[in-house]
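Data block below; observations after.
In our numbering, the protein residues as written are 903 to 1117.
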């Protein structure tokens, strides 16, 4: 399936846009082939698009089409504009595809449901009223959804490293994108791991690839 980027007409995005189109044409087939190889149970027909609204901050995300289950990867135009090399774009694309291969959305949904059920049960046992039960369930769902988010990010980094490498890019150079992001540190229930941990994951994955332990 051909990618359908909505790149807009902003002149200063011309060069980054060309780089992005090149990365898409190179990495998307590899991501889909890797998905079919490692997760034949999944829909591996990625749809990739760009949000051209330059007022939105640099970001990329993965979601599932609620009607078809097709994996969707989105980029904001600001992320594309700020990338300093095709390696960075390739790594980000591989990372978002990695979330799909690892099944992070359904796993997060299950974790959220379990958290809501546990919190609700505890609230019932404590004699909470209806309003308190609803609040407890919402809080439990939020905590459950975030419980494994850092692990999910590192797992997607590892898979993204493999995909970018298979596509002929340098994942370690691509992960340099992290050095320009604010470091989230190691906050309790934070959604992302420390930047150093992400760089270490990429380096460890590349070491496994070079040693022939991962292909």
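The C-beta atom is built at its ideal place from N, Cα and C for all residues, glycine as well.
These numbers come from a predicted model, not from an experiment.
For the pair of segments examined, the region 1094-1106 was found not to touch the region 948-955: the number of CB pairs separated by less than 8 Å stays below three. Residue 1003 places its beta carbon less than 7 Å from that of residue 937. One alpha carbon belongs to residue 963, the other to residue 971, and they sit about 15 Å apart. Ranked by Cα distance from residue 1114, the first of 978, 1077 and 1067 is 1067. In this structure, residue 1072 keeps its C-beta atom at 7 Å or more from the C-beta atom of residue 1100.
Burial state of residue 985 is buried, judged by a 10 Å Cβ sphere holding 16 or more other Cβ atoms.
Residue burial is scored here from C-beta neighbours: residue 1052 has at least 16 other C-beta atoms within 10 angstroms and is therefore classed as buried.
Leaving aside the five residues that flank residue 958 on each side, the residues in its chain whose CB is nearer than 7 Å to its CB run, in chain order, 978 and 980. 992 is the residue among 988, 992 and 987 whose C-alpha sits nearest the C-alpha of residue 975.
In its chain, beyond the 5 residues on either side, 988, 991 and 992 have a beta carbon closer than 6 Å to the beta carbon of residue 925. Residues 1063, 1064, 1067 and 1117 of the same chain have their beta carbon placed closer than 8 Å to that of residue 1111, with the five preceding and five following residues left out of the count. Cβ neighbours of residue 1005 within its own chain (closer than 8 Å, five residues either side excluded): 941 and 944.
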